[in-house]
Amino acid sequence: MSTDEIAPAREHTDQFRLLVESVVDYAIFLLDPAGYVRSWNMGAERIKGYTADEIIGKHFSVFYPPDDRERGVPQSVLGIARDEGRFEGEGWRIRKDGARFWANVVITALHDDTGELVGFAKVTRDLTERKSADEQRLSLVQAEQAARSAEEAVAVRDEFVRIAAHELNTPLTGAKIGLQLLQRSLRDGELTPSQTLALDTLGTQINKLIHLVGELLDATRMEAGALRLEPTEVDLAELVRRLAEQWRALTQEHEIVVACPERLVARVDATRIEEVLTNLLDNAVKYSPGGGRIEIDLVEKSGGVTISVRDHGIGVQPADRPKLFGRFFRAHSDRSGMGLGLHITRRFVELHGGTISAEFPDDGGTRFVVSLPM
1 MSTDEIAPAR EHTDQFRLLV ESVVDYAIFL LDPAGYVRSW NMGAERIKGY TADEIIGKHF
61 SVFYPPDDRE RGVPQSVLGI ARDEGRFEGE GWRIRKDGAR FWANVVITAL HDDTGELVGF
121 AKVTRDLTER KSADEQRLSL VQAEQAARSA EEAVAVRDEF VRIAAHELNT PLTGAKIGLQ
181 LLQRSLRDGE LTPSQTLALD TLGTQINKLI HLVGELLDAT RMEAGALRLE PTEVDLAELV
241 RRLAEQWRAL TQEHEIVVAC PERLVARVDA TRIEEVLTNL LDNAVKYSPG GGRIEIDLVE
301 KSGGVTISVR DHGIGVQPAD RPKLFGRFFR AHSDRSGMGL GLHITRRFVE LHGGTISAEF
361 PDDGGTRFVV SLPM
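Note that the working numbering numbers the sequence shown so that position 55 is 55, with each residue one more than the last.
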């Protein structure tokens, strides 16, 4: 190469060196064949935290986490670059202050005119933000997949409950009819007290099972959004008095007291409101096992209807009160039932556009207050 050709080439080399040294978004530096740092640019100082005086002459393995150094990863990647001409990969690297960052690394083998290895060029990019974003996206995808799986599991469970409830309902209804026929046929005969008690107990247990199956069916229909109201003009005063009479016959230990007007008509689904009151009365009886007074109040109030059911029983612990209307929650685990009654009750009330709340009087017990539009 002539003198006239050497000067421009040297100028281009100097310009390229200055360009590399001024790059701040990439760590660009040279290693000797053994992996010791020979040059250092501004980007390397910004990304890795070392000044040129601090790092030149040090082995590049200082950029790797201790476990990678112990496994010989720095020597391995140099071997790949030496044998194949180039290595590219991603992994955790260590800054001067000990902080970790996710790096994309390219190592290129450098040879002289004779083909002898003279070192390596190493380019590093800090991809920590991209790595974090990728992990967040992956977490979101996994969360969405988990949510879908959970929804599918819930759908399978609800379908199983629905089918099981239907399958149970048929033989239970048949058993109830059979029991009624048996009771009728034996009515004119003489039964011993123990036989009468056995028949009565059987009837009570069948009714309980039918009620539980009904709760399961209602719960699955609600979750599927398949429950529809059939509102009509209903005399709530007559409904309350009729239910009170039925419950007086069912429990001899409780005094059921009703306060209501002679007539109070509202547009509601009679079957569902009857279930609401039945659940509240069942709850009142269940949680006042020692007997006592149960009060049912029906009043017209603020353009709507308010029905309250008050017992003087064992009440609900303060810690359990926020969970009172949750699915499968039972305030006292020693009581029978699935914990669906109050959950279903609230949903029925809400479907009517109403509200239900629980109050806990100072003298004990619980008062449930149902407010319905007229």
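Using N, Cα and C, we set each Cβ at its ideal position, and we do this for glycine too.
The distance from the Cβ of Leu-372 to that of Ala-266 is about 6 Å, consistent with a contact at the 8 Å cut-off. As computed with DSSP, Ile-307 is found in a beta bridge with Leu-298, Val-370.
As DSSP reads the structure, His-343 sits in no beta bridge. Inclusion of Leu-30 and Ala-121 in the CB contact set at 9 Å is warranted, their separation being smaller than that value. Following the DSSP letters along the chain, one finds Val-265 inside the beta strand (DSSP E) bounded by residues 265–268. Leaving aside the five residues that flank Gly-85 on each side, the residues in its chain whose CB is nearer than 8 Å to its CB run, in chain order, Thr-108, Ala-109. With a cutoff of 9 Å on beta-carbon distance, Glu-230 and Thr-271 are scored as near each other.
The segment 272–279 and the segment 310–318 do not touch, with fewer than 3 CB-CB distances between them shorter than 8 Å. Beta-bridge annotation (DSSP): Ile-28 is paired with Val-123.
Phe-60 sits in a helix when the DSSP states are folded into three classes. Contact annotation: Val-276 and Val-369 have beta-carbon atoms that are not nearer than 9 Å. In the DSSP annotation of this structure, the continuous segment of the beta strand (DSSP E) that includes Val-106 starts and ends at 100–111. Contact between Ala-244 and Val-258 holds, since their C-beta atoms are separated by about 5 Å, short of 8 Å. Ala-34 and Gly-119 have their C-alpha atoms spaced approximately 8 Å apart. Looking at the DSSP output, Asp-235 shares a beta bridge with Val-265. Contact between Leu-264 and Leu-236 holds: CB atoms are separated by about 5 Å, below the 8 Å threshold.
Taking the C-beta atoms as reference points, Lys-58 is found nearer than 9 Å to Tyr-36. Here Trp-92 is bridged, per DSSP, to Trp-102.
For Ala-358, DSSP records a beta bridge to Phe-368. By the CB criterion at 9 Å, Ala-103 and Arg-125 fall inside the cutoff.
Taking 9 Å as the cut-off, the Cβ atoms of Ile-256 and Ile-296 count as close. DSSP, reduced to helix, strand and coil, places Gly-292 within a strand of the structure shown. Distances from the CA of Pro-289 to each of Glu-90, Lys-301, Gly-365 were compared; the closest alpha carbon is that of Gly-365.
For Glu-54, the uninterrupted alpha helix (DSSP H) segment begins and ends at 52–55. Between Glu-253 and Gly-315, the C-beta gap is not smaller than 9 Å, which leaves the two residues out of contact. In this structure, Phe-360 keeps its C-beta atom at 9 Å or more from the C-beta atom of Arg-346. Lys-301 sits exposed, since fewer than 16 C-beta atoms from the chains shown fall within 10 Å of its C-beta.
Remark: C-beta atoms of Phe-87 and Val-106 approach each other more closely than 9 Å.
Straight across, the Cα-Cα distance linking Lys-48 with Arg-38 is about 15 Å.
Residues Gly-35 of the same chain have their beta carbon placed closer than 6 Å to that of Leu-78, with the five preceding and five following residues left out of the count. Looking at the DSSP output, Ala-259 shares a beta bridge with Asp-297. Sequence-distant partners of Val-268 (beyond 5 residues in either direction) whose C-beta falls short of 7 Å from its own C-beta, in its chain, are Pro-231, Val-234, His-352, Leu-372. Selection Asp-363, Asp-362, His-343 evaluated against Thr-355 yields His-343 as nearest (Cα-Cα). Distance from the CA atom of Arg-241 to the CA atom of Gln-180, rounded to whole angstroms, is 26 Å. Linking Asp-97 to Arg-321 through their CA atoms gives a straight-line distance of about 52 Å. According to the DSSP secondary-structure assignment, Val-37 is paired through a beta bridge with Leu-31.
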